[in-house]
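Chemist: Numbering (full-length UniProt numbering), first residue to last: 1 to 579.
#1: DSSP three-state call for residue 258: helix, strand or coil?
#2: What residue ranges within the region 129-213 form continuous alpha helix (DSSP H) runs of no fewer than 4 residues, ordered along the chain?
#3: Please name the residue in 179, 150, 126 whose C-alpha comes closest to that of residue 166.
#4: So, is residue 343 buried or exposed, given that buried needs 16 or more other C-beta atoms within 10 angstroms?
#5: For residue 140 and residue 266, which I take to be in contact (beta-carbon distance under 8 Å), what is that distance rounded to the nearest angstrom?
#6: Do you know offhand how far residue 435's Cα is from residue 253's?
#7: Answer yes if the region 102-118 comes into contact with the region 178-196, meaning at least three C-beta pairs across the two stretches below 8 Å, and no otherwise.
#8: If you follow the beta strand (DSSP E) that residue 74 is in, where does it begin and where does it stop?
#9: With distances taken Cα to Cα, identify the nearest neighbour of residue 185 among 131, 362, 312, 135.
#10: If you reduce the DSSP assignment to three classes, tell me which class residue 249 lands in.
#11: Taking the alpha-carbon of residue 244 as reference, which of 214, 233, 92, 262 has the nearest alpha-carbon?
#12: Which of the three DSSP states is assigned to residue 334 in this structure?
#13: Please classify residue 332: is it buried, with 16 or more other beta-carbons within 10 angstroms of its beta-carbon, or exposed?
#14: Within 10 angstroms of the Cβ of residue 431, are there 16 or more other Cβ atoms? Answer buried if so, exposed if not.
#15: I need the DSSP call for residue 437, collapsed to helix, strand or coil.
#16: Once you ignore the five residues that flank residue 271 on each side, which residues in its own chain have a CB closer than 7 Å to its CB?
#17: Locate the alpha helix (DSSP H) running through residue 297, then write down its first and last residues.
#18: Out of curiosity, what's the CA-to-CA distance linking residue 328 and residue 297?
#19: Which of the three DSSP states is assigned to residue 220 in this structure?
#20: Sorted by chain position, which residues of the same chain lie with C-beta nearer than 6 Å to residue 390's C-beta, five sequence neighbours on each side aside?
#21: Run through DSSP, which three-state label would residue 407 get?
#22: Using DSSP with H/G/I as helix, E/B as strand and the rest coil, what is residue 33?
#23: Between residue 323 and residue 340, what straight-line distance do the alpha-carbon atoms span, to the nearest angstrom?
#24: Return no unless some Cβ of chain D is closer than 7 Å to the Cβ of residue 212.
#25: Hey, is the region 373-388 in contact with the region 142-158, meaning 3+ C-beta pairs nearer than 8 Å?
#26: Once the 5 residues before and after residue 364 are set aside, which same chain residues still bring their CB inside 6 Å of it?
#27: Can you tell me whether residue 488 is buried or exposed, with buried defined as 16 or more other CB within 10 angstroms of its CB?
#28: Kindly indicate the opening and closing residues of the beta strand (DSSP E) around residue 273.
#29: Inspect the beta-carbon positions of residue 216 and residue 124 and report whether they are closer than 7 Å.
#30: Which stretch, first to last residue, makes up the beta strand (DSSP E) that contains residue 289?
#31: Look at the Cβ atom of residue 227, then the Cβ atom of residue 316, and state whether they are nearer than 7 Å.
#32: Do you know how far the Cα of residue 318 is from the Cα of residue 162?
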């Protein structure tokens, strides 16, 4: 627990000493919501009295951090907060901002939607406003790492909002877009760089970026960044950072194994946890509906027909599953968009912007959208597939009931996912209420659902077929005038408009053209055949004349060097290539 520092002057007013004042916001026995002000506890009052050398009394009980002006932030930052309507800090902000302003390492854990981005953005902007130091060329002073492109964009927008009255530069880099434009933006150096790990390493390997001047490192969604998917990239990045730096880690969940790994990158950190780890938002109503896999699509369509559902996020476990859900909704007249890793960056941005603007009512996503994406007005979250990682459930349902609003989270659970449900309940330390099917819904039988699933699986295959591809089930192109399978009898002619075995006019049936010498010694005309080629390999011989071309009646003499190139007509070359 942080210790209060402060003294009273002769007038009885409270003044701060050089160390900033910061307090804890844990209220025993009562969870804290965003609207709850950060009041001083009785233990903090005792510490205050001990520091001041006098007993605690009513006069000391009114000291609290209830407004952003109490932190001593720079005036341009306070001005931007006032214009945005932010007056009272959330619990995570009240605890994290003062030690971050001190330059301490910090690990902050709080529920989704409680303002963790501002908890590190505000002290960073404050520190930048106090220094005239310029960013090094092809370098940055602050590095913020994010697991997803969408979250990186959102963090950069938050810095732009809070620092609109400050003179600083910020750039966001991620994959899926042209790297040359990002290189040009980094060339003069930037104060704040928001990046995904993959593109950051690409820029470093191209020598377009150096991390030698980094003063502050921020990991947003730290548990995801320290997981197996990013840990190898993060280890490479940390080795390039200066040893003397400030590190700030923030997340809504922090498993024990990840917390142990995080301690390797933090020096004497301040631990801030305003709620127990992996606590779901109190304003989210949760329920689970048990349904077999084949009934989920019809159940989702029935729920989405309710006009009370204004804006809904649907989560699937796989990318192909997200596309399949969108196709199923489109069949019943419900428009939706999918966002996942297989989509291009412009596609992802358009889908997310349409969802934000209200043009798209249903957004189907993988867990890529479960990390930090802040979209106002999400009334419902539907877990079409339960996540196999229980921490992802906390992040998913946290997309609704943000900023003090309420929301509903509905989860579909089949027989195979019951184990996932038990893991979720064990992690969140609460049971998810079970609900029945909505009124008027009759689930399809398993056989009907299986037939629909088979039809859906076959549809993409038919769409991908191309004419003339030689694939099974396709109608091949007519091969007029070409020999059938096997070599023609009595010769190796083209057979252009002639029957099998008919010799070509103007050429002897032994396969040698007029004007050519006898066959090489030790080889007769019939045995002079090239060795069979592997399937799919094109021979280096010229293509034969088609039916539309006039037949050549006289053979032109060829030199001895070209005897093996076009002098013989090989029937097996005329067959269509095998698929």
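Positions of the beta carbon are idealized from the N, C-alpha and C atoms, including for glycine. The model shown is predicted, which means the values in this text are computed figures rather than measured ones.
Modeler: Well, looking at it:
#1: For the purposes of this step, residue 258 is identified with residue 258 of the chain shown, where counting begins at 1. Residue 258 falls in the helix class under three-state DSSP.
#2: 149-162, 179-186, 197-205
#3: Position 166 of the chain shown, counted from the start, is the residue given in the question as residue 166. Selected option, being the one with the closest Cα: 126.
#4: One-based indexing of the chain shown puts residue 343 at position 343. It is buried - the Cβ of residue 343 has at least 16 other Cβ atoms within 10 Å.
#5: Looking up residue 140 in the chain shown gives position 140. Looking up residue 266 in the chain shown gives position 266. The pair is not a contact, with the Cβ atoms about 20 Å apart (cut-off 8 Å).
#6: Start at 1 with the first residue of the chain shown, and residue 435 comes out as number 435. Start at 1 with the first residue of the chain shown, and residue 253 comes out as number 253. Their Cα atoms are separated by approximately 27 Å.
#7: no
#8: On the chain shown, residue 74 is found 74 positions in, with the first residue counted as 1. From DSSP, residue 74 is part of no beta strand (DSSP E); its letter is neither H nor E.
#9: Sequence index remark: in the chain shown, residue 185 carries index 185 (1-based). The option with the nearest alpha carbon to residue 185 is 135.
#10: For the purposes of this step, residue 249 is taken as the residue at position 249 of the chain shown. Residue 249 falls in the strand class under three-state DSSP.
#11: Position 244 of the chain shown, counted from the first residue, corresponds to residue 244. When only C-alpha atoms are compared, the closest one is 214.
#12: Counting from 1 along the chain shown, the entry for residue 334 is found at position 334. DSSP places residue 334 in coil when its eight states are reduced to three.
#13: Taking the first residue of the chain shown as position 1, residue 332 is located at position 332. So residue 332 ends up on the exposed side.
#14: The residue you call residue 431 lines up with position 431 of the chain shown. Exposed, because fewer than 16 other Cβ atoms sit within 10 Å of the Cβ of residue 431.
#15: Along the chain shown, read from residue 1 onward, the residue named residue 437 stands at position 437. DSSP places residue 437 in coil when its eight states are reduced to three.
#16: Residue numbering aside, residue 271 sits at position 271 when the chain shown is read from its first letter. For residue 271, where only same-chain residues beyond five positions count, the Cβ hits under 7 Å are 107.
#17: Looking up residue 297 in the chain shown gives position 297. Where residue 297 is concerned, the enclosing alpha helix (DSSP H) stretches over 296-304.
#18: The sequence position of residue 328 within the chain shown is 328, counting from 1. The sequence position of residue 297 within the chain shown is 297, counting from 1. Using only the alpha carbons, I get a separation of about 7 Å.
#19: Within the chain shown, residue 220 is the residue found at index 220, counting from 1. Looking at residue 220 - three-state DSSP - the assignment turns out to be strand.
#20: Walking along the chain shown from the start, residue 390 turns up at place 390. Counting only Cβ-Cβ distances below 6 Å, and skipping sequence neighbours, we find 423, 424, 427.
#21: As a working note, residue 407 is residue 407 in the chain shown. In the structure shown, residue 407 sits in a strand (DSSP, three-state: E or B).
#22: Counting from 1 along the chain shown, the entry for residue 33 is found at position 33. For residue 33, the predicted structure reports a pLDDT of 33, less than 50, and the residue's modelled location is therefore unreliable. The matter cannot be settled from this model.
#23: Stepping through the chain shown from its first residue, residue 323 is reached at position 323. Stepping through the chain shown from its first residue, residue 340 is reached at position 340. Approximately 9 Å, taken between the alpha carbons.
#24: No chain D is part of this structure, which consists of one protein chain only.
#25: yes
#26: In the chain shown, the residue the question calls residue 364 occupies position 364. So the list reads 314, 322, 325, 326, 336, 338, once near-sequence residues are dropped.
#27: Within the chain shown, numbered from 1, the residue matching residue 488 stands at position 488. Unreliable placement is indicated for residue 488, whose pLDDT of 42 sits below 50; the coordinate value is still reported in the next sentence. Result: buried.
#28: By one-based count along the chain shown, residue 273 stands at place 273. Start and end: 270-273.
#29: The residue you call residue 216 lines up with position 216 of the chain shown. The residue you call residue 124 lines up with position 124 of the chain shown. In contact: residue 216 and residue 124 (Cβ atoms closer than 7 Å).
#30: Mapped onto the chain shown, residue 289 falls at position 289. Segment 284-290, the beta strand (DSSP E) holding residue 289.
#31: In the chain shown, residue 227 corresponds to position 227, counting from 1. In the chain shown, residue 316 corresponds to position 316, counting from 1. In this structure, residue 316 does not lie closer than 7 Å to residue 227 by Cβ.
#32: Counting from 1 along the chain shown, the entry for residue 162 is found at position 162. Counting from 1 along the chain shown, the entry for residue 318 is found at position 318. The alpha-carbon atoms of residue 162 and residue 318 are separated by roughly 36 Å.
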